[in-house]
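Enquirer: Numbered per my numbering, the sequence shown spans residues 153 to 230.
Quick reminder that beta carbons are idealized off the backbone N, C-alpha and C, glycines included.
Supplied in structure tokens, the structure appears directly below.
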Amino acid sequence: MAALPTAVQISADVLSRKERADDIARLKSMMELHALEYIDVSAHMELLQAFERWPLLAYLEAHHNTPLDLQKDAEQTP
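Written as structure tokens, this is what we have:
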């Protein structure tokens, strides 16, 4: 099993991701590309790896995103 990174490494990763997001936001505003959809591929890959590592997390995520209409029907049923 791989060792977890230290708190310092985690903080550095989070800061660099925030800095990248700020760069993209600045670029979008400078070039007037407000409708541009930006996807952080590395964050998406980390999320997929987390779902593979922890199946309960994937299960909860799948059931958390149920359509609202289904939730209303379940509440109205006596």
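#1: Specify the secondary structure class of Ala187 as computed by DSSP and reduced to three states.
#2: Once DSSP output is grouped into helix, strand and coil, what is the label at Asp192?
#3: Taking the alpha-carbon positions, what's the Leu244 to Glu198 distance?
#4: Apart from the five residues just before and just after His186, which ones in its own chain have a Cβ nearer than 7 angstroms to its Cβ?
Expert: Quick answer:
#1: Here residue 187 corresponds to residue number 35 of the sequence shown, with the count starting at 1. Looking at Ala187 - three-state DSSP - the assignment turns out to be coil, as it is neither helix nor strand.
#2: As a working mapping, residue 192 is identified with position 40 in the sequence shown. Note: Asp192 maps to coil in three-state DSSP.
#3: Residue 244 lies beyond the range of the chain shown here (153 to 230); nothing can be said about it.
#4: Translated into the one-based positions of the sequence shown, residue 186 becomes position 34. Hits under 7 angstroms: Lys180.
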